[in-house]
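Protein chains in written order, with this note's numbering: chain Y, 1 to 242; chain C, 1 to 242.
As structure tokens, this is what we get:
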């Protein structure tokens, strides 16, 4: 049975981290909410898991993965589950924990990137919190992006198997997620991200390497890859970049 | 060898989630940064792991756990590691994933609670972002606390082993973390949290049950439990509550 990925159909968002793993591994999966309601898919098929009283493990929010009887929410937990099944994480407990720790740190940056345009709350439009966003984005740009990228650079630098991957000598889901983070930062903050990446050459190389991965490249060129847009996590509001 | 917990010595913060697990299990551990520098402890012993070039898996930030050669950062990853070792998680993969997913959702609330007083950035004082904090805290109070607590209530309600625990029929690290979240919300937002908890009676009962757990109760009454204060994640600024 194919994996079912459930996520909002018109944005990359947090669902993209699971999508990239499924695509890079060539896994059989259905992007449920993007399907037709007539086929039992679409948004109702997704919200069913969040709203129906019969679901024992209801996810708090999309994305979530359904694999037979298993339902897993939270992007990092989805990758914890998929990693070993898709061959996207090392076999040792040490490798798995380290990969997960890196993923959780990527999730932290993603949350901060989101809050750079929504510092007051997700319930309000950007236009209603623009003044606050200008201050928050400045702090994110001038301090946080640099600090996080420096940490990923250090992780690559200290990998005894070489700096091509974050953990060990092979592609892991953390590499895919770091690629996506860099893509997102370059989209939302082209000036600030480019500047910070100048000081993180290994991160940039990893990004470029992932983009050339055969299956990832095919995915990125396909219609399955939703373009970045101003409803997602990474939004290009020129006034927030500098 | 005792576990080494590394965290800022004067706040509960994110370190408290690991501390509660260690305490509830009666584990042998050292709270390193609270020790004396003369004994090789204190803050320098902590920052060593973040700054020394010889550390292969440097944590991005405290808290982190050192167990022999293993270093684990990110509170949720620390609990993923400690859970099976301390008997604070079920044995099946399903139970472990579900417990972790709940923990990650608790971590999301904790991040939002932090941002309620620091919506612009961690690099600035509260006083320098008070205006933004008033708006953010309002959104957190009126929408988010309620939404998150309702989800935890549903999780308890749907536990086939009864509503005394989030997962299965025994205490897990997620129960301890939910206790801590409720403690924090009641400290920081006494009015709003009390109101929301009126609609989440199972969450409140779980909180009260954990507080009575023999080892947890002894810990809470000890000097090892740092009181809440206005340097931590949960801060009582009366102007942010209503």
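No residue lacks a Cβ here, since even glycine has one placed at the ideal position from N, Cα and C.
Only a predicted model underlies this, so the values are computations on that prediction, with no experimental measurement involved.
| query | result |
| --- | --- |
| Closer than 7 Å, Cβ to Cβ, to anything on chain C: give me those residues from the region 42-70 of chain Y, in chain order. | 56, 57, 58, 60 and 70 |
| Using a Cβ-Cβ distance cut-off of 9 Å, determine whether residue 8 (chain Y) contacts chain C. | no |
| Measure how close the beta-carbons of residue 164 (chain Y) and residue 209 (chain Y) come, nearest whole angstrom, since I'm counting them as under 8 Å. | 6 Å |
| Tell me, please, which residues DSSP counts as bridged to residue 42 (chain C). | Beta-bridge pairing links residue 42 (chain C) to no other residue. |
| So that I know if they touch, is there some Cβ in chain Y lying closer than 9 Å to that of residue 17 (chain C)? | no |
| Please tell me whether residue 74 (chain C) and residue 233 (chain C) are closer than 9 Å, where the distance is taken between their beta carbons. | no |
| Following the continuous beta strand (DSSP E) through residue 64 (chain Y), name the residue where it begins and the one where it ends. | 64-67 |
| Going along chain Y, which residues have a C-beta under 7 Å from residue 72 (chain C)? | 97 and 101 |
| Got a sec: is the Cβ-Cβ distance from residue 3 (chain Y) to anything in chain B below 9 Å? | The displayed structure is made up of protein chains Y and C, and chain B is not among them. |
| Of the residues that make up the region 76-89 of chain C, which ones have a beta carbon closer than 8 Å to any beta carbon in chain Y? | 76, 77, 80 and 81 |
| Quick one: complete beta strand (DSSP E) runs, 3+ long, within the region 66-121 of chain C? | 70-73 |
| Using the C-alpha atoms, what's the distance from residue 211 (chain Y) back to residue 186 (chain C)? | 47 Å |
| Measure the CB-CB distance between residue 178 (chain Y) and residue 71 (chain Y) and report whether it falls below 9 Å. | no |
| Assign residue 239 (chain C) to buried or exposed, taking buried as 16 or more other Cβ atoms, counted over all protein chains shown, within 10 Å of its Cβ. | exposed |
| Distance, Cα to Cα, residue 134 (chain C) vs residue 116 (chain C)? | 8 Å |
| Could you give the DSSP three-state label for residue 125 (chain C): helix, strand or coil? | coil |
| Give the C-beta separation of residue 59 (chain C) and residue 5 (chain C) to the nearest angstrom, bearing in mind that I take them to be a contact with Cβ-Cβ under 8 Å. | Contact doesn't hold; Cβ gap of about 12 Å is too wide. |
| Return the Cβ separation of residue 183 (chain C) and residue 144 (chain C) in integer angstroms, given the expectation that the two are a contact with Cβ distance under 8 Å. | Residue 183 (chain C) to residue 144 (chain C), Cβ: 17 Å. No contact. |
| On the three-pair Cβ rule with 8 Å, is the region 83-91 of chain Y touching the region 19-34 of chain Y? | yes |
| Taking only three categories from DSSP, how would you classify residue 23 (chain C)? | helix |
| What residue from Y:242, Y:156 and Y:168 has the CA that sits closest to residue 141 (chain Y)'s CA? | Y:242 |
| How many Å lie between residue 35 (chain C) and residue 66 (chain C) at the Cα? | 15 Å |
| For a cutoff of 9 Å on Cβ pairs, would you count residue 104 (chain Y) as touching chain C? | yes |
| Please classify residue 10 (chain C) as buried or exposed, where buried requires at least 16 neighbouring CB atoms within 10 angstroms. | exposed |
| How would you call residue 231 (chain Y), buried or exposed, if buried means at least 16 neighbouring beta carbons within 10 angstroms? | exposed |
| Measuring alpha carbon to alpha carbon, tell me which residue in Y:56, Y:43, Y:207 and Y:30 is nearest residue 153 (chain Y). | Y:207 |
| Considering just the uninterrupted stretch of the alpha helix (DSSP H) at residue 182 (chain Y), what are its terminal residues? | 173-188 |
| Out of C:104, C:61 and C:69, which has the shortest C-alpha to C-alpha gap to residue 175 (chain C)? | C:104 |
| Can you check DSSP and say which residues form a bridge with residue 28 (chain Y)? | The partner list for residue 28 (chain Y) (beta bridge, DSSP) is empty, contrary to what the question assumes. |
| Under the DSSP definition of a beta bridge, which residues are partnered with residue 3 (chain Y)? | Y:29 |
| So which of Y:93, Y:19 and Y:45 has the shortest CA-CA distance to residue 78 (chain Y)? | Y:19 |
| Got a sec, what are the start and stop residues for the alpha helix (DSSP H) residue 155 (chain C) sits in? | 145-157 |
| Using a Cβ-based criterion (distance less than 8 Å to any ligand heavy atom), does residue 123 (chain Y) qualify as near the ligand MN? | You won't find the ligand MN in this model; it holds no ligand whatsoever. |
| Secondary structure at residue 216 (chain Y), three-state DSSP: helix, strand or coil? | helix |
| On the three-state DSSP scale, how would you describe residue 161 (chain C)? | coil |
| Counting only the same chain and skipping the five closest in sequence on each side, list residues whose C-beta sits under 8 Å from that of residue 119 (chain Y). | 129, 132, 133, 135 and 136 |
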